[in-house]
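Visitor: Next up is a structure, given as structure tokens.
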């Protein structure tokens, strides 16, 4: 357990955890063993170091003792007797096994019934000297109470208090309170309560008050520990009661939100929820540094955005004034602020934004770009003040509708500000998000690892105790033990005899009706059993299930009657087949054995439902059960391991993660009820502000269902749009506060559930069961039969091949019907002898179907070595030769030489010599670094050439001609390189290397496009599309890209099976969606008003067609692009729902739908949205979690293969990082000599003080605040004040720089922070004095010096020097930087390739949705903007819609000026593959980015904490150690610890008095009470750096032992066995002092006040 300190080590140990917990739950000591532990002092002495035995009471006393008045008086006397006991209590901790609320440890045995629900004396030694007692309930849960009088009236022996304790601990009382809370929650969901509900409300208040009074009587109010207010959960009860009475007295609307607090009592009523919430709150404590770093980062980025985009989002296209209009009569401000004068795009509420830069958005003719009006989205999206800028940054960090913000900023400020969004997403979203996930995961791993370690310790201690007690029993008389065993067995037999009459009736019924043993020996039944258990029977059933699934997936709309009849007939046939299967199995196995298998029960239920459907076809409710036939797809899990693992993983949501899921449900319920109470009335009163027709929008909080669905949408990541509506109807402060709670608390709960599933779930396929083995056996039999048939056919035909046939291969016959204890033994075809001349194809056929048994170890090792070579970027085509000579390998394969002997040059020595020389020359050219650099340059130029070929190329004839000749030259260079590699490496080696095959494919495509062009033949669209793959050649030219590509490509086959399992689950939802919504999304559309008719005007398709026949050309019967008319389009719709992009339109269409060919009606059935909620939970959340777990599983296996190298780092990068890390300079002020000059010495003393840096940090924060308070509407006076305040701060920083240079001299520039400050001061001065001058003579100087001016924000980075925890997080990111750069480079290349592909295929698509004049595929830059936006899956639905446009939504005959291309329609199939493949690949890359931070580098925090110490600190420790250990034994006596810690210097110094602190470090004591140097150093570093967590401490100790010490003595000292610890020794000393003082008092009382006693001789 000690080695499991990382996420990698912990991953995949779920089965170990379950097995360990199961063993612990089954551990129970025998009564005889417990008696020996309580009565045998010798046994207790031998087990003195056992923590479990230490919990037991002293020898000769009972385990459970009732609390009496005498025992209570003894506790009070001990409590006030000695002051030294208080010191001992500070050094001790209560036992974790005996905490309140935990079950009684098994070492105490089973308590007698008379000890249940009564006060008992303390069991924990820590509390035995305090006024507490414990009570055990019926479930053996331990509860601790205060022994003082409750409310100063009720003693522990008072009848009222004991009765209150019994009531509080009774299960019926807790169940009654939980039922009351649930009933209260039901009434909380009602917007309009009935009249009689107020009486029920009073009843709830009375019950809650009675509960609190009972708890007060049982525990007391607030005086002492374990009272009513000691438990934070009781604070909630008190708040519920107080707010309930307050709302009855004061009728304030603001108090209505507190009426939902009773819903939170569900958490306190369920112990599992309470524990989960406690763990979540503990995790939040560990996130303090991450939260601080996130706030600082977002604040700095918001300040930068404030000064970059201030007022830009108010720039609109304003109608120009008429030329003949009199300027005198024109009110300019009124004209530009009139919304009627703005230009609006169709279906847009906000005016079109524009910019005055060349790369910004332009206005249509007749409009000009002016800054006027308010910001978009009700004025809430903008950068006019720091608050709105911070909200925009937070929205960008959470990636909620950020593509809209991205488009607005780029349209108003220019395309170059894409860099700003790249930085914001990288830092504010991915890096900070990765750190948050990593922190929570690290805390979860640490908690679970500690739990495993504790369980493992208990298990080992129990085994040790049991073994020792068994040895003692063996030494005693055997007769006594035999007698006891006989008595116990007789008692068990008596109990069994008593139970037998009770089970007799059930056994008789089972034997008669369920166990069909009457014809067990019948010939027919035996053959029937063999038939249903035959592997081919399972194979036939699987084929039937697959065919049934295919037939169900063939349902579509519109469906002809003939096809419908065929599907119905197929359904009937499959129903008969599955009914026959159930009947045959029932007859063969009997009902008793049949229903012992869960899958058989499931099969029988589905068969019963389908038979019920066919038996009663006229009943609607019964016919609806036909939808349950889709559940037959789940039967595939019986034979499909990955699908079975997915279903078990889904069961984890209701199993191991049920408390996290229930906690999230409670939070959602509470927030929805609070939103309904707070804002429900506002939505009704001010609905006209957010709706033009004054009708409630789809997202509101007027009733509970809509409020809950709104909160669910916010938890899914979309909150900003609904918050705008809320702020418009209810005001900004309340909505901002409410949504802050929803987003932060809700997201944290979702992330907690996600990690609970990820950590507790098993993402690997389960072990093969009987069904899977049967299926493999059947397949092996078929394959073996085919191979034998093939060999016999060849023998019969007498085919002459020149080689021996497969008859030389002896195949072991299949072994059937055998059972073995070995689970891995399966039926297989074994290859016993293979001739060296056997045909390779036949061997391949045989090996493809042979079951792998793990025998070919050599081959596996070769594969691993090839994996490492690929990871290191060493292509086999360019691998160095083992002998170091430049000798080419064989050119062709052995088969080529056999088929064509003329290729063998051995027969011609002269020709061989010339051939070898030519190949050597080619090899030297290919391996030349300049040649490789030249080819790389050509690849980059050819990629740039493709980026230039946009829609405007046809008009630029000169550039077009140049590019054509350049393409010819590039192709020639690539062909030349290919031929050189053929000659150098040989065809065999070239075509067996993956990178060379990629190059060959791209060169072949280049030839296919270049040759027809030279011949004047037009290129086909397919070849033009394939030409865009040319940039992929860059992958083989950079080692970092090779590593990332190899890792990602290797992940695809690994997760393909898992992905297919997830898609199968989606297939079930898609088929269900087709049956629910097929043909119901169609509507009658008015093209003029661009909206659909209301159901009152047009009710169905017939009425719409009537309008069309009446020559209403603008009327169409239209279907939504995303629908469920067939399974394929249903998959695409589900993908949009799963990624939360475009899912709102699909849900709107579903809730508005009624019947087929009926006009939709606004929210006709809102409960249809529950289908999508269920899919999001199981089809999106759970399956994505399962898929991510599979990716992590693959990366773990790859990590084990490549060894110590990082997953996405090359070997060279890893070596460079380790070198920089090892030799990184770590200096402090002590390394700078103090000047001799008095003035310089005074300055040196001044600048080296900590207060000096703190003083200037305050001014750095003040400077950021001054930048943040600026707004777009500041007055001239405010601008002047801020300008001079900035001037003063710059002068102060300049003085600081001068003082440090004067004090430190040349050493000033040896510190990185000083160089950073010096550069900033120079930039401050330049930006302050030269900005105005440069603006007069340079056009674009304002933007340049605006950036220089914003460098003032960088001074706040000095806070990182103080925030140690934040600095550690940044070190984690810095270590991840090389891998993140490699991944980012790969993502850039993918984006580049897809942008070029989109430009070649979708340049002329009709604009709409996301595509406009700036975001399109007409040029490479515009296409890259689109691909960057959808890289985070943002807005990909809006990009896909135009690509899928078909007539009549587009015109296939539209002419484009300057080109021969016609039409503006999309290509639906290509568009879907294009977009889906890109977002899938981006998802895989983003997951890998998170994994890099989460798994690869977060484990190094403990090591980095040690590295934070300067080298001089270690030298100081070593020099001080030499004074106390002159013999260099690496050991000092424990009595020297206080002096040693006091002699150290900061930051390791521990000044006197330090006795308690030294003892509290709990240092291990070796023989002779010595302390090991590494243990002391680690403890001091932990104390100095504030490290918490066993994982960090373990990693730190390992790092210190490895880096700090060297030599044989240190290594030998590491294996010393500790005999005690400083903490334990301190406890022993305190205990001895207490005993001595008590003995003196006793002796004094015995001899009288004047007598002498020998006790005085004791110290």
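In our numbering, the protein residues as written are 13 to 1671. All C-beta atoms in this analysis are idealised placements derived from N, C-alpha and C, irrespective of residue type, glycine included.
Using a Cβ-Cβ cut-off of 6 Å (strictly less than) and excluding sequence neighbours within five positions of residue 672, which residues of its own chain qualify?
Guide: Result list for residue 672: 288, 764, 765 and 768, in chain order.
Visitor: Have a look at residue 1077 and residue 1187 and give me their C-alpha separation to the nearest angstrom.
Guide: Approximately 10 Å, taken between the alpha carbons.
Visitor: Check whether the Cβ atoms of residue 1093 and residue 1161 lie closer than 8 Å to each other.
Guide: Taking 8 Å as the Cβ cut-off, residue 1093 and residue 1161 qualify as a contacting pair.
Visitor: Which residues does DSSP list as the beta-bridge partners of residue 1445?
Guide: Looking at the DSSP assignment, residue 1445 forms no beta bridge with any residue, so it has no partner.
Visitor: Let me know if residue 1218 comes out buried or exposed under the rule of 16 or more other beta-carbons within 10 Å of its beta-carbon.
Guide: Answer is buried; the Cβ neighbour count reaches 16.
Visitor: Hey, out of 946, 445, 1648 and 1036, whose CA is closest to residue 1022's CA?
Guide: Considering only alpha carbons, the answer is 1036.
Visitor: Mind checking which residues open and close the beta strand (DSSP E) that includes residue 1129?
Guide: Element bounds for residue 1129: 1127-1130.
Visitor: State the beta-bridge partners of residue 1199 as determined by DSSP.
Guide: BP columns for residue 1199 are empty, so no partner.
Visitor: Which value, in whole angstroms, describes the spacing of the CA atoms of residue 896 and residue 939?
Guide: No answer about residue 896 holds up, because its pLDDT of 41 lies below 50 and its placement is not dependable.
Visitor: Compare the C-alpha of residue 1170 against each of 1105, 1180 and 407 and name the closest.
Guide: Residue 1105 is the option with its Cα nearest to residue 1170.
Visitor: Specify whether the region 1052-1072 and the region 1133-1148 touch according to this definition: at least 3 beta carbon pairs, one from each stretch, less than 8 Å apart.
Guide: Too few Cβ pairs lie closer than 8 Å, so no.
Visitor: Just reading off the beta strand (DSSP E) that residue 328 is part of, what are its end residues?
Guide: Note, residue 328: beta strand (DSSP E), 327-331.
Visitor: Between which residues of its own chain and residue 1247 is the CB-CB distance below 6 Å, once the five residues before and five after are set aside?
Guide: So the list reads 1253 and 1256, once near-sequence residues are dropped.
Visitor: Would a C-beta distance cut-off of 8 Å place residue 1474 and residue 1466 closer than the cut-off?
Guide: For residue 1474 and residue 1466, yes; Cβs fall inside 8 Å.
Visitor: Cα separation between residue 1163 and residue 181?
Guide: For residue 1163 and residue 181, the distance between alpha carbons rounds to 48 Å.
Visitor: Is residue 389 closer than 8 Å to residue 381 when the C-beta atoms are compared?
Guide: No. Outside cutoff.
Visitor: Just list the alpha helix (DSSP H) runs in the region 362-429, keeping only unbroken ones of 4 residues or longer that don't cross its boundaries, in chain order.
Guide: Runs of the alpha helix (DSSP H) inside the region 362-429: 398-409 and 414-425.
Visitor: Using the C-alpha atoms, what's the distance from residue 352 back to residue 1100?
Guide: Answer to the nearest angstrom: the Cα atoms are 21 Å apart.
Visitor: For residue 1697, list the residues DSSP reports as bridge partners.
Guide: Residue 1697 lies beyond the stretch modelled for the chain, which goes from 13 to 1671, so this question has no answer here.
Visitor: By alpha-carbon positions, which one of 1199, 653 and 1011 ends up nearest to residue 1500?
Guide: Answer by Cα proximity: 1199.
Visitor: Are any of the Cβ atoms in chain C nearer than 8 Å to that of residue 1545?
Guide: Note that chain C does not occur in the displayed structure, where there is just one protein chain.
Visitor: Check whether the Cβ atoms of residue 1138 and residue 1178 lie closer than 8 Å to each other.
Guide: Cβ atoms of residue 1138 and residue 1178: not closer than 8 Å.
Visitor: Quick one: is residue 1051 buried, meaning 16 or more other Cβ sit within 10 Å of its Cβ, or exposed?
Guide: So residue 1051 counts as buried.
Visitor: State whether the region 391-408 contacts the region 311-321, with contact taken as three or more CB pairs (one from each stretch) at a distance under 8 Å.
Guide: Judged by Cβ distances under 8 Å, the region 391-408 makes contact with the region 311-321, as three or more pairs qualify.
Visitor: Express the C-alpha separation of residue 364 and residue 354 in angstroms, rounding to a whole number.
Guide: Their Cα atoms are separated by approximately 8 Å.
Visitor: Can you give me the start and stop residues for the beta strand (DSSP E) that residue 12 sits inside?
Guide: No statement about residue 12 is possible, as the shown extent of the chain runs from 13 to 1671 and does not include it.
Visitor: Is residue 385 closer than 8 Å to residue 349 when the C-beta atoms are compared?
Guide: Going by C-beta atoms, residue 349 is nearer than 8 Å to residue 385.
Visitor: Given a threshold of 16 other Cβ atoms within 10 Å of its Cβ, counted over all protein chains shown, does residue 1432 qualify as buried or as exposed?
Guide: Buried: at least 16 other Cβ atoms inside 10 Å.
Visitor: Determine the DSSP secondary structure at residue 262, reduced to helix, strand or coil.
Guide: Looking at residue 262 - three-state DSSP - the assignment turns out to be coil, as it is neither helix nor strand.
Visitor: Does the separation of the CB atoms of residue 275 and residue 678 fall below 8 Å?
Guide: In this structure, residue 678 lies closer than 8 Å to residue 275 by Cβ.
Visitor: So, are the CB atoms of residue 423 and residue 372 less than 8 Å apart?
Guide: Against a cut-off of 8 Å, the Cβ pair of residue 372 and residue 423 comes out as a contact.
Visitor: In the DSSP assignment, find the unbroken alpha helix (DSSP H) run with residue 1364 in it and report its ends.
Guide: Premise fails: residue 1364 is in no alpha helix (DSSP H) and is neither H nor E.
Visitor: Please report the Cβ distance between residue 1225 and residue 1390, rounded to the nearest whole angstrom; I am assuming they are in contact, meaning their Cβ atoms lie under 8 Å.
Guide: That pair is a contact at about 5 Å.
Visitor: What does the alpha-carbon distance come out to for the pair residue 474 and residue 723?
Guide: Going by the C-alpha atoms only, they are around 49 Å apart.
Visitor: Does residue 1249 pass the burial test, meaning 16 or more other C-beta atoms within 10 Å, or should it be called exposed?
Guide: Exposed, by the Cβ-count rule.
Visitor: What's the C-alpha gap between residue 1285 and residue 395?
Guide: About 12 Å.
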